[in-house]
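First comes the structure, then the notes that go with it.
Residue numbers (this note's numbering): 21 to 297.
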């Protein structure tokens with residue numbers, strides 16, 4: 021039986037809703053560890069996992085990416101960005117953490133980065149949870165990296181109280197390229213990788229073709245907002261903020277991310293040829 025894992029966020033639903041088999045939902049960092057040790061055969065995980073360990077085959081033409089503001093990967097702060105001295109990190113995603121490292125380094129900023137003490141627990145279809153309380157940001161000199169459903173919930177609950185530095189938007193401004201947050205990775209020993217990849221592409225196509233049904237299912241899952249406003253938000257989120265392809269522009273964006281990770285000593289220099297199925 022194919023062991024498949026998927027991230028626990030709303031942004032993954034277009035890529036997993038309707039999968040006929042059992043799916044193991046978990047946080048990105050946990051999924052990366054599990055697919056790396058062979059506990060999972062296939063996983064939708066942080067793109068950084070491939071850059072760190074490029075033994076996997078990538079499902080071609082499928083990703084979670086953005087070509088501008090992503091909305092759900094943000095640095096929450098108050099005051100001027102240049103005044104930030106400390107940033108608390110959500111440890112769930114190495115991709116977002118290292119994207120932030122690269123963006124700050126490119127701007128010549130070097131604040132202290134601290135791992136958050138809490139691991140967040142919102143899952144697909146469950147109400148997003150706040151990543152931190154307002155009291156955690158007592159001065160204009162601190163910020164917090166928020167990702168996924170927690171970022172969505174915090175932005176909507178505290179609109180007007182904080183500034184939100186959207187990492188997808190900043191990447192686009194810096195490079196002119198899309199940014200790839202997550203990929204379907206298949207371990208090398210999976211013998212029917214091409215068949216699995218075809219099924220995953222078909223599932224993505226079906227969900228995006230039936231976007232209204234996808235949004236309805238997401239809203240029915242109990243997200244903390246009235247259904248009308250959440251329907252409007254998710255329609256915009258899936259159709260404008262997110263992209264679900266992995267074409268030439270996305271590949272260039274991922275290659276450039278790898279280049280910056282090497283430049284800023286996040287990753288060693290090595291061959292990272294894409295093996296696509």
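Every residue, glycine too, gets a C-beta built ideally from N, C-alpha and C.
(message) Tell me whether the segment 276-292 and the segment 226-238 touch, counting them as touching only if at least three CB pairs, one residue from each stretch, are closer than 8 Å.
(response) no
(message) Going by C-alpha to C-alpha distance, which of 178, 127 and 197 sits closest to residue 275?
(response) The count along the chain shown starts at 1 and reaches residue 275 at position 255. That would be 197, whose Cα lies nearest to the Cα of residue 275.
(request) Note down the Cα distance separating residue 213 from residue 219, rounded to an integer number of angstroms. (result) Taking the first residue of the chain shown as 1, we reach residue 213 at position 193. Taking the first residue of the chain shown as 1, we reach residue 219 at position 199. Near 10 Å, if we compare the C-alpha coordinates of residue 219 and residue 213.
(request) Select from 221, 116 and 86 the residue whose C-alpha is nearest the C-alpha of residue 135. (result) Here residue 135 corresponds to residue number 115 of the chain shown, with the count starting at 1. The residue with the shortest Cα to Cα distance from residue 135 is 116.
(request) Would you tell me roughly how many angstroms separate the C-alpha atoms of residue 43 and residue 160, rounded to the nearest one? (result) Position 23 of the chain shown, counting from 1, holds the residue named residue 43. Position 140 of the chain shown, counting from 1, holds the residue named residue 160. Cα to Cα, the separation comes out at about 42 Å.
(message) Closer than 8 Å is the cut-off here; do at least three beta carbon pairs connect the segment 89-103 with the segment 180-192?
(response) yes
(request) Report yes if the CB atom of residue 76 is closer than 8 Å to the CB atom of residue 207, and no otherwise. (result) As a working note, residue 76 is residue 56 in the chain shown. As a working note, residue 207 is residue 187 in the chain shown. The answer is yes: Cβ separation under 8 Å.
(message) In the DSSP output, what is residue 86 paired with across the bridge?
(response) Within the chain shown, residue 86 is the residue found at index 66, counting from 1. The partner list for residue 86 (beta bridge, DSSP) reads 199.
(message) Does residue 266 come out as helix, strand or coil in the three-state DSSP assignment?
(response) On the chain shown, residue 266 is found 246 positions in, with the first residue counted as 1. It is coil, neither helix nor strand.
(request) Report buried or exposed for residue 158, applying the criterion of at least 16 other Cβ atoms within 10 angstroms of its Cβ. (result) In the chain shown, counting from the first residue as 1, residue 158 sits at position 138. Residue placement at residue 158 is flagged as unreliable, the pLDDT there being 35, under the threshold of 50; a coordinate-derived value is accordingly withheld.
(request) With a threshold of 16 other CB atoms inside 10 Å of the CB of residue 132, please say whether the residue is buried or exposed. (result) Position 112 of the chain shown, counting from 1, holds the residue named residue 132. Exposed is the call here.
(message) If you reduce the DSSP assignment to three classes, tell me which class residue 79 lands in.
(response) Against the chain shown, residue 79 aligns to sequence position 59. Residue 79: strand per DSSP, three-state reduction.
(request) Quick one: give me the first and last residue of the alpha helix (DSSP H) that residue 287 is part of. (result) Position 267 of the chain shown holds residue 287. Element bounds for residue 287: n/a, residue is neither H nor E.
(message) Along the chain, where does the beta strand (DSSP E) containing residue 26 start, and where does it finish?
(response) The count along the chain shown starts at 1 and reaches residue 26 at position 6. Start and end: 24-27.
(request) Return the CA-CA distance between residue 110 and residue 235, expressed in angstroms with no decimal places. (result) Position 90 of the chain shown, counted from the first residue, corresponds to residue 110. Position 215 of the chain shown, counted from the first residue, corresponds to residue 235. Near 26 Å, if we compare the C-alpha coordinates of residue 235 and residue 110.
(request) Identify whether residue 181 lies in helix, strand or coil by the three-state DSSP scheme. (result) As a position in the chain shown, residue 181 is number 161, starting the count at 1. Three-state DSSP puts residue 181 in coil, outside helix and strand.
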